[in-house]
Each structure stands twice: as C-alpha cells, then as structure tokens.
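**Q** For the sequence shown, this note's numbering begins at 255 and goes up steadily by one.
We treat Cβ as the ideally placed atom computed from N, Cα and C, and that holds for glycine.
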Amino acid sequence: MKFKRRRRALIALVMVLGLLAGACGDKGSTSSDDGGDDDSGGGGKSEETIRLAPQDFAESKTLTEVYGQYLEAKGFNIEIQPAKGFREEVYPGLRDDKIDMIIDYTGSAAGELDPDGQPSSDSGETYSRLEAALKDEGLIAYEYSNAEDKNALVMLKTFADENGITTISDIKPLQDQIVLGGAADCATRTDCLLGYQDPAIYGITFKEFKALEYGPALTAALDANEVQAAQYQTTAPAIETGDFVVLEDDKGLLSADNIVPVLRGEVAVVHGDDLKEAVDAVSEKLTTEDLIAWNVATDVDKEEPADVAEKWLEDSGLL
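(1) What did DSSP end up calling residue 464 once you bin it into helix, strand or coil?
(2) Rounded to whole angstroms, what is the Cα-Cα separation between residue 330 and residue 445?
(3) Between the Cα of residue 316 and those of 573, 564 and 570, spot the shortest distance and give me the residue it belongs to.
(4) Between which two residues does the beta strand (DSSP E) carrying residue 515 extend?
(5) Contact check, residue 406 vs residue 487 under 8 Å by CB: the rounded distance?
(6) Which residue or residues does DSSP assign as beta-bridge partners of residue 217?
(7) Look up residue 422 in the DSSP assignment and say whether it is helix, strand or coil.
(8) Spatial neighbours of residue 562 within its chain, please: C-beta separation below 8 Å, excluding the five flanking residues on both sides.
(9) Any idea which residues DSSP pairs residue 434 with across the strands?
(10) Buried or exposed, going by whether 16 or more other CB atoms sit within 10 Å of the CB of residue 342?
(11) Roughly how many angstroms lie between the CA atoms of residue 461 and residue 338, to the nearest whole one?
(12) Under the rule that 16 or more other beta-carbon atoms within 10 Å means buried, what is residue 527, buried or exposed?
(13) Under DSSP, the alpha helix (DSSP H) around residue 391 begins and ends at which residues?
(14) Per the contact definition of three or more C-beta pairs closer than 8 Å, is the segment 360-368 in contact with the segment 381-397?
(15) Just to confirm my understanding: we take residue 503, look at its own chain, exclude 5 residues before and 5 after, and list those with CB closer than 7 Å. What are they?
(16) If you draw a straight line from the alpha carbon of residue 416 to that of residue 409, how long is it in whole angstroms?
Rendered as structure tokens:
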C-alpha cells in the first residue's frame, strides 16, 4: 500500500510539473499547437520556416542547396526559393522579410552594402567590414568559411601571352582594344567596371563593356574573341583547364571573398543556437576545392545543383 501511495504521489507530481511546463511553454510561443518550442535562443527548434534564396548562378544555387538540405536534415523547416537575380535583388528581399537567409561572399557582400569602404585581401578585415555594414540593415552574418571564391579578371591564356599581360595594370596600354565582359551588375559595382575605371585605382577605359550571363557564357565569349577580358571567379572550372588565366590584382581592388551565411537578425533570435551551430558546421566543412568540383559538376557535366549538394553532404558525412 505504501508503494502504491508513493506511486500515486509521483504521478500527481509529474502531472503538475507537466502542466507548469506547458504553461511556461505557451507564453510567447509563435505556434498555435502545443507551445513546446523555445524561441529564446538556446532550446528547441522553432517551427517557423526558414526561407533561403540563391543568386542566379550555379555555385550559389549549389551552396544554397547544401545549407538548406543539411538544415532540413537537422529538423528545421526549410524553403528554398527560386534564384533572385543578384545582390541588388536579394538584399531587398532580406530587408522586406521575403527571404530569411542567403549564402553570400564576404567581400562582394561588403561591396554591395558598403560601397565606399576599403577592400582588403585579408579575410578577417573583410568580415569585420561586412559585419559593420550588416548592422545598419538589421542583418547578421554567421562565421565565414575558409572556402573562398574571389572575383577575378580573366583572359584567354593565348591572348594574355601574346600581349604580355600578367597583371590588371598591363591592360591600360591596350585598353582601346579590350572589351570587358561581365554580368550586368558589373557595370555598377565598385569591385568591377567602376573600380577598373577609377583613376585612383586602375584608370582603365575599356573599348566597351558587354553584359553577359554569368557563368560559362563568359569563357565562351572569350573563346570567340567577343570580349578580351571577363569578370569571373577564381573557382570557375574553365580556369582549371589551363586555357584561361587570372590576372594579378596588383592594385588590390578585389577583396577577400569567403563563403558567409547572412540572415535577418530576427531569424537568428527565433531559431537560436541550434541554427547557428548547424550552419557553422557546414561552413567549417567547406573548402575552395569543393566549390571548384561543384562548378565542374554543374557547368561542365550539367548536373543539377540539388543533386551535387546531396552527394557532397553524403560524402562529407553530414547526411
């Protein structure tokens, strides 16, 4: 009888504690279900969906799939939206609460948000510049990855060799003969056409600027001699073939560009440490060599970014 009385007492105590826990859970809950989620930053995952959106090129799409698929596997509700163009379209989406997170590049993001700032090839300095710029937008950045994809001015190797061009400064004596190709937003970026034209930096007046789709279309235009220089990326698969060369940025216009997740500050608060730890786990695992391999898979082998992402996650032991 004594055992039964103790057992009944224990059951009653558990029920009371359960009710108290439920009442505490209901307070401030964002869900109309049982109120068990803790949105305070250290407890369980929020049920609110995290909306990710890539920029409109293959590497960004693969990166978004990598982070999105991993977060989904860790129990987060994830929505990957269609590509949103480039930064001038993505950042307004973050500001207007239409996107929650993007996977960006430290230097390029800093250039977008802080166009008057000083670029740096140092990853830490570039990250600090980005953090300062994000504060004014109500956005935050998680830790940046060692994986890096810098902007690069690229030429066909045969053209560069024939004209003795190894640095960006070497273009100036031949500027009237050189058409620059790049994505449409290059024309308005300080780390692209505006920077090359700036008398305080390179002071190059190209024969023409030609807007092209970002990706393999740039190297195709170089091959066809439609452009003689193109603003591309250091992880472009075409560079690995040896047919193209990256010109030395001898004036330091192009900054460090490490992979970095950027998100709305409210989202970071709602999802707390669980989200940061999961995102940081992916960032820590990424390498520059991974980015190159992905671009070969998507741009050359024509694989889908979602498939490339899933395979990498599996091979890396994250799925």
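**A** To lay it out plainly:
(1) Mapped onto the sequence shown, residue 464 falls at position 210. In the displayed model, residue 464 falls within a strand according to three-state DSSP.
(2) As a first step, residue 330 is located in the sequence shown; it is residue number 76 there, counting from the start. As a first step, residue 445 is located in the sequence shown; it is residue number 191 there, counting from the start. Distance between the alpha carbons of residue 330 and residue 445: 36 Å.
(3) Counting from one through the sequence shown, the residue named residue 316 turns up at place 62. Out of 573, 564 and 570, 564 has the C-alpha closest to the C-alpha of residue 316.
(4) Looking up residue 515 in the sequence shown gives position 261. Residue 515 -> beta strand (DSSP E) spans 513-518.
(5) Along the sequence shown, one-based indexing puts residue 406 at 152. Along the sequence shown, one-based indexing puts residue 487 at 233. Their Cβ separation, rounded to whole angstroms, is 6 Å, which keeps residue 406 and residue 487 in contact under 8 Å.
(6) Because the chain is modelled from 255 through 573, residue 217 falls outside the range shown and cannot be assessed.
(7) Position 168 of the sequence shown, counted from the start, is the residue given in the question as residue 422. Secondary structure at residue 422: helix, using DSSP grouped into helix, strand and coil.
(8) On the sequence shown, residue 562 is found 308 positions in, with the first residue counted as 1. Once the five neighbours on either side are set aside, the close Cβ partners of residue 562 are 316, 319, 548, 551 and 552.
(9) Residue 434 sits at position 180 when you count from the first residue of the sequence shown. Answer by DSSP bridge pairing, in chain order: 463 and 483.
(10) To locate residue 342, count along the sequence shown from 1; it is residue 88. Exposed is the call here.
(11) Taking the first residue of the sequence shown as position 1, residue 461 is located at position 207. Taking the first residue of the sequence shown as position 1, residue 338 is located at position 84. The alpha-carbon atoms of residue 461 and residue 338 are separated by roughly 31 Å.
(12) Your numbering for residue 527 matches position 273 in the sequence shown. Exposed: under 16 other Cβ atoms inside 10 Å.
(13) Within the sequence shown, the letter at position 137 stands for residue 391. Run containing residue 391: none; DSSP gives neither H nor E here.
(14) Enough Cβ pairs lie closer than 8 Å, so yes.
(15) Residue numbering aside, residue 503 sits at position 249 when the sequence shown is read from its first letter. If we look at residue 503 and ignore the five residues flanking it on each side, its Cβ neighbours are 422.
(16) Taking the first residue of the sequence shown as position 1, residue 416 is located at position 162. Taking the first residue of the sequence shown as position 1, residue 409 is located at position 155. Our two residues, residue 416 and residue 409, have alpha carbons roughly 11 Å apart in a direct line.
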